[in-house]
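Q:
Number of protein chains: 2
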Amino acid sequence: MDEAGQAERRDPDTPPVRVARIQDVARLAEVSTATVSRVLATPERVSAEARARVMEAIAKTGYVPNPAARTLRSQKTYMVLVVLPDLANTFFSKILRGIEETLFEAGYGMIISDLDGSPEKEAHFAAFTAAGRVDGAILLNGHLIGQSRDGEGSAARIGIPLVALCEAIPGADIPQIEIDNRAAAAHMVQHLAAQGHRRIAYVSGPAGNILERERFQGFKDGLEKIGLPFDPELVIPGDFTIESGMAAGQNLVARAVRPTAVFCTSDEMAIGLMRTLLSAGLRVPEDVSVAGFDDIEFAAVAEPALTTIHQPRRELGQAAAAALIDLLQGRPTPKRIRLETELVVRASVAPPRTN
Amino acid sequence: MDEAGQAERRDPDTPPVRVARIQDVARLAEVSTATVSRVLATPERVSAEARARVMEAIAKTGYVPNPAARTLRSQKTYMVLVVLPDLANTFFSKILRGIEETLFEAGYGMIISDLDGSPEKEAHFAAFTAAGRVDGAILLNGHLIGQSRDGEGSAARIGIPLVALCEAIPGADIPQIEIDNRAAAAHMVQHLAAQGHRRIAYVSGPAGNILERERFQGFKDGLEKIGLPFDPELVIPGDFTIESGMAAGQNLVARAVRPTAVFCTSDEMAIGLMRTLLSAGLRVPEDVSVAGFDDIEFAAVAEPALTTIHQPRRELGQAAAAALIDLLQGRPTPKRIRLETELVVRASVAPPRTN
DNA sequence: AAGTTGTATGTAATCGATTACATCAAGCGT
DNA sequence: ACGCTTGATGTAATCGATTACATACAACTT
Chain A
1 MDEAGQAERR DPDTPPVRVA RIQDVARLAE VSTATVSRVL ATPERVSAEA RARVMEAIAK
61 TGYVPNPAAR TLRSQKTYMV LVVLPDLANT FFSKILRGIE ETLFEAGYGM IISDLDGSPE
121 KEAHFAAFTA AGRVDGAILL NGHLIGQSRD GEGSAARIGI PLVALCEAIP GADIPQIEID
181 NRAAAAHMVQ HLAAQGHRRI AYVSGPAGNI LERERFQGFK DGLEKIGLPF DPELVIPGDF
241 TIESGMAAGQ NLVARAVRPT AVFCTSDEMA IGLMRTLLSA GLRVPEDVSV AGFDDIEFAA
301 VAEPALTTIH QPRRELGQAA AAALIDLLQG RPTPKRIRLE TELVVRASVA PPRTN
Chain B
1 MDEAGQAERR DPDTPPVRVA RIQDVARLAE VSTATVSRVL ATPERVSAEA RARVMEAIAK
61 TGYVPNPAAR TLRSQKTYMV LVVLPDLANT FFSKILRGIE ETLFEAGYGM IISDLDGSPE
121 KEAHFAAFTA AGRVDGAILL NGHLIGQSRD GEGSAARIGI PLVALCEAIP GADIPQIEID
181 NRAAAAHMVQ HLAAQGHRRI AYVSGPAGNI LERERFQGFK DGLEKIGLPF DPELVIPGDF
241 TIESGMAAGQ NLVARAVRPT AVFCTSDEMA IGLMRTLLSA GLRVPEDVSV AGFDDIEFAA
301 VAEPALTTIH QPRRELGQAA AAALIDLLQG RPTPKRIRLE TELVVRASVA PPRTN
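So the protein lines, in turn, are chains A and B.
Numbering follows the UniProt record's numbering, with no gaps: position 249 of the first sequence is 249.
Numbering follows the UniProt record's numbering, with no gaps: position 236 of the second sequence is 236.
1. So, are the CB atoms of T61/A and L115/A less than 8 angstroms apart?
2. Can you list, in chain order, the residues of its chain whose CB lies under 8 angstroms from that of residue 358/A, leaving out five sequence neighbours each side?
3. Quick check: what's the CA-CA separation for V189/B versus N89/A?
4. Buried or exposed for G132/A, please, with buried defined as at least 16 other CB atoms from any protein chain shown within 10 angstroms of its CB.
5. Suppose the cutoff is 8 angstroms on Cβ atoms and the five residues either side in sequence are ignored; what does the same chain contact list for K76/A look like?
6. Check the Cβ of G132/A against every Cβ in chain B and list those closer than 8 angstroms, keeping chain order.
7. For a quick check, are the C-beta atoms of P206/A and D239/A less than 8 angstroms apart?
8. Exposed or buried, G107/A, counting other C-beta atoms within 10 Å across all chains shown (16 or more means buried)?
9. Nearest by alpha-carbon distance to V80/A: which of S47/A, L96/A and F216/A is it?
10. In chain order, what residues of the segment 184 to 207 of chain B put their CB closer than 7 angstroms to some CB of chain A?
11. If you follow the alpha helix (DSSP H) that L316/B is in, where does it begin and where does it stop?
12. What's the call for D267/B, buried or exposed, on a 16-neighbour Cβ count within 10 Å?
13. Restricting to Cα atoms, I'd like to know which of I111/B, Y63/B and D295/B is closest to V83/B.
14. Identify which residue in N209/A, E233/A and I200/A has its Cα closest to the Cα of P227/A.
15. Determine, using beta carbons only, whether F104/B and L140/B come nearer to each other than 8 angstroms.
16. Specify whether the segment 245 to 256 of chain A and the segment 214 to 224 of chain A touch according to this definition: at least 3 beta carbon pairs, one from each stretch, less than 8 angstroms apart.
17. Determine the chain A residues that contact L72/B at a beta-carbon separation under 8 angstroms, and present them in chain order.
18. Below 8 angstroms on the Cβ atoms is my contact criterion, and I expect T341/B with I309/B to pass it. Report the Cβ-Cβ distance as a whole number of Å.
19. I'd like the list of long-range same chain contacts for D13/A, defined as Cβ closer than 6 angstroms, with 5 residues on each side in sequence excluded.
20. Do the CB positions of R346/A and A305/A come within less than 8 angstroms of each other?
21. According to DSSP, what are the bridge partners of T307/B?
22. Find the residues of chain A that neighbour A88/B, judging by a C-beta separation of less than 7 angstroms, and give them in chain order.
23. If I measure Cβ to Cβ from V31/B and keep anything under 8 angstroms in the same chain, skipping five residues before and after, which residues do I get?
24. Cutting at 7 angstroms between CB atoms, please list the residues of its own chain near L343/A, excluding the five before and the five after it.
25. Residues of chain B with a CB under 9 angstroms from the CB of E100/A: which are they?
26. Residue range of the alpha helix (DSSP H) that E100/B falls in?
27. So for R346/B, helix, strand or coil by DSSP?
28. Looking only at C-alpha atoms, which of T102/B, A193/B and I169/B sits nearest to Q318/B?
29. Please list, in chain order, all residues of the same chain as I22/A whose beta carbon is under 6 angstroms from its beta carbon, the five residues on each side excluded.
30. May I have the straight-line CA-CA distance separating D86/A from L278/B, to the nearest angstrom?
31. Please determine, among R258/B, A280/B, D287/B and T241/B, the residue with the shortest C-alpha to C-alpha distance to I271/B.
32. Is V54/A helix, strand or coil by DSSP?
33. List the residues of chain B whose Cβ lies closer than 7 angstroms to the Cβ of V349/A, in chain order.
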């Protein structure tokens, strides 16, 4: 025999936990291991009597199949990788919960990878998937793993099922779950215009980001629809974070001629921006109206409460997980799912002063 | 032979990805698989020449060890389970990031389980750990898996290394990483008193929660130190959520005699409470001072900016992960690590009006 | 020179499931 | 009654690593 057999794992006072193996169940139920395996995988192919005996033996022994052995043989991990750019970002947490819920119900576990802007980590996770640690992946980061934003990727070749969530991945032939960012942004501009605003600033997301591009397009669509010219002076750079929102606020405060409304492409930026405006003695919405995007929890309790675009985050997560599961189990999957957004009107937007 | 050999995974247009196996590396390097394995695990036990050949073969083939096979044989998963009560709670995200960072550097992956208050899920994850899917677990939920808050648990018997983070687990002989909630709460009360407050309300966490118990003790400690009587009337129930903070705000608004300061045991409650007060026409801090606990990102940008207790969340996560890794690798681990908190003074607390 | 020790490597058992294939009995058509 | 299908079950190969044990050889001792 090998080694010390079933030695305790660490030290003598830890009871030597013997987990039941399929052999133990088979012996107890007086069947072969094949039958036990079949009871779990394809119960209809086992006689009722044998099935009952096996089930009883499983209950008695507390048998749980060893996932490593199962994976090794069947090449299925029942694990899904979720790749996201920043775990600490509020926006993702509710999405993650939606994903987790749906995966859990289907018997899948979730492994999270926070890319953290590090190519090194990305390479690691590319290897991760390649090594067969997961059956599939949900990508929230807007590009394939191991692929530069514009270059050729390796993840597609890895050949595990992928689903893109929120940030569509151009050119990738995988299911995309998203909202209509462009239409939602246009909608917001129209709302601001309907309140009487004519000088509307735009606080952008990070350059190159697909959400940013779509929302920016929507911003311009909105201006066009209401017959306003696009003024590059009114575009303020941001990157979706609170800090960049505060910086954008400084930018505004420093201006001689200020816009009457500011459309921030994330709630975090809107809240940061409002903070700066208020600290500088400007009032929202009396002096400047502010609108956000996402409808995170804090949007409703900000002061003033934030007018924004509601994204069904939990549902987005659920839909992505469901799509991936369909893919994994060989069911047909729509290539694109678009969930509805909603304009949420709160106190941070009001008609401009008419003086 | 078995089945269809190395058939493509899904459909014919997916290139049949052949991942290199240890055999392939061994053949290419003209050594046995044992030597390849040793190069990876104990390079010092392999001659320099053989090692070089193997390394080259690994690079050439892009070999990555199959984790399922490795786990099956060695009983090590290089996976850690993180159990938390609510993934959607802002408070946890930065902690998770700290955990992930440290685990990643040590070559461990992270599986997240959102308990979501469901005993069913808990049972599932107890089985999860029992089945050997993870080497260890970090518990943020304040009790052992599969154990009721006061009852006997099964997780301890499962025998995998555990670490408790934030919510100490009384009676469990495992490393606990936390802050001194009691001292921090007392500190805040003293700060409020130093500003001149004498009627200080307390918005509690969920009943029975260990954080709540400690902070409540600290609240009473603080009162005692400054010679104020404890008044049960000034305790308002909450559960750490924004919503409960808003409800607590209603409670205050409805009172004839209001406290001059409110200490909320979470920032989320403080922000919700301020929302309600402001909506009711009360001013913060002019009419009521408000203090929080945690120092989440939004505390600094709230209006008014929130005075609170800063918790080093990332560091807490890192410390917990490091402790678990020590445990997993057989190094000695301190039974209790307490990280420092800091009182962050912002605008939401001011001296009470003297009229 | 024989014995001892140590180092490097190979051989093959092993981890615990899944599953292709073999076997066997019962049911059925003719 | 004979062959054939169908259904239930068992046997054993297999997944891809790790690692106990065996072996081979070089370097020292005495």
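Quick reminder that beta carbons are idealized off the backbone N, C-alpha and C, glycines included.
Nothing here was measured: the structure is a model prediction, and the numbers come from that model.
A: By the coordinates alone:
1. Working through the first sequence from its first residue, we reach residue 61/A at position 61. Working through the first sequence from its first residue, we reach residue 115/A at position 115. Their beta carbons are not under 8 angstroms apart, which means T61/A does not touch L115/A by this criterion.
2. The requested residue 358/A is not part of the displayed model; chain A covers only 1 to 355.
3. Walking along the second sequence from the start, residue 189/B turns up at place 189. Walking along the first sequence from the start, residue 89/A turns up at place 89. Rounded to the nearest angstrom, the two C-alpha atoms are 31 angstroms apart.
4. Within the first sequence, the letter at position 132 stands for residue 132/A. So G132/A ends up on the buried side.
5. Numbered from its first residue, the first sequence carries residue 76/A at position 76. Once the five neighbours on either side are set aside, the close Cβ partners of K76/A are R70 and D135.
6. Residue mapping note: residue 132/A aligns to position 132 of the first sequence, counting from 1. V19, N66, P67 and A68, listed in chain order.
7. For the purposes of this step, residue 206/A is taken as residue 206 along the first sequence, with counting starting at 1. For the purposes of this step, residue 239/A is taken as residue 239 along the first sequence, with counting starting at 1. It is a contact, given that the beta carbons lie within the stated cut-off.
8. For the purposes of this step, residue 107/A is identified with residue 107 of the first sequence, where counting begins at 1. Under this definition G107/A is an exposed residue.
9. Walking along the first sequence from the start, residue 80/A turns up at place 80. Comparing Cα positions, the closest option is L96/A.
10. none
11. Numbered from its first residue, the second sequence carries residue 316/B at position 316. From DSSP, the alpha helix (DSSP H) with L316/B extends over R313 to L328.
12. Sequence index remark: in the second sequence, residue 267/B carries index 267 (1-based). That one is buried.
13. Position 83 of the second sequence, counted from the start, is the residue given in the question as residue 83/B. A check of alpha carbon separations from V83/B across I111/B, Y63/B and D295/B identifies I111/B as the nearest.
14. Counting from one through the first sequence, the residue named residue 227/A turns up at place 227. Looking at the sequence shown, residue 227/A is not Pro but Gly. Cα-wise, what sits closest to G227/A is I200/A.
15. As a working mapping, residue 104/B is identified with position 104 in the second sequence. As a working mapping, residue 140/B is identified with position 140 in the second sequence. Not in contact: F104/B and L140/B (Cβ atoms no closer than 8 angstroms).
16. no
17. Stepping through the second sequence from its first residue, residue 72/B is reached at position 72. The CB of L72/B comes closer than 8 angstroms to the CB of N66, A68, A69 and L72 in chain A, given here in chain order.
18. Residue 341/B sits at position 341 when you count from the first residue of the second sequence. Residue 309/B sits at position 309 when you count from the first residue of the second sequence. Indeed, because the Cβ distance is near 5 angstroms, the residues count as touching under 8 angstroms.
19. Locating residue 13/A in the first sequence gives position 13, counting from the first residue. In this predicted model, D13/A has a pLDDT of only 34, less than 50, meaning its place in the structure is not dependable enough to derive any value.
20. Indexing the first sequence from 1 puts residue 346/A at position 346. Indexing the first sequence from 1 puts residue 305/A at position 305. It is a contact, given that the beta carbons lie within the stated cut-off.
21. Along the second sequence, one-based indexing puts residue 307/B at 307. For T307/B, which the question treats as bridged, DSSP gives the partners A291/B.
22. Reading the second sequence from its first residue, position 88 is the one you call residue 88/B. Going along chain A in sequence order, the residues near A88/B (Cβ under 7 angstroms) are S93, K94 and R97.
23. Working through the second sequence from its first residue, we reach residue 31/B at position 31. Excluding residues within five positions, the ones whose Cβ falls inside 8 angstroms are A50, R53 and V54.
24. The residue labelled residue 343/A in the question sits at position 343 within the first sequence. For L343/A, where only same-chain residues beyond five positions count, the Cβ hits under 7 angstroms are H187, M188, H191 and I309.
25. Residue mapping note: residue 100/A aligns to position 100 of the first sequence, counting from 1. Neighbours of E100/A on chain B, chain order: L87, I112, S113, D114 and D116.
26. Residue numbering aside, residue 100/B sits at position 100 when the second sequence is read from its first letter. From DSSP, the alpha helix (DSSP H) with E100/B extends over T90 to E105.
27. Looking up residue 346/B in the second sequence gives position 346. The answer is coil: DSSP assigns R346/B none of H, G, I, E or B.
28. Within the second sequence, residue 318/B is the residue found at index 318, counting from 1. Considering only alpha carbons, the answer is T102/B.
29. Here residue 22/A refers to the residue found at position 22 of the first sequence. So the list reads T33 and V36, once near-sequence residues are dropped.
30. As a working mapping, residue 86/A is identified with position 86 in the first sequence. As a working mapping, residue 278/B is identified with position 278 in the second sequence. Approximately 32 angstroms, taken between the alpha carbons.
31. For the purposes of this step, residue 271/B is taken as residue 271 along the second sequence, with counting starting at 1. Checked all of R258/B, A280/B, D287/B and T241/B; the closest Cα to I271/B is T241/B.
32. One-based indexing of the first sequence puts residue 54/A at position 54. The answer is helix: DSSP assigns V54/A an H, G or I state.
33. As a first step, residue 349/A is located in the first sequence; it is residue number 349 there, counting from the start. Correct list: empty, because the minimum Cβ distance to chain B is about 16 angstroms.
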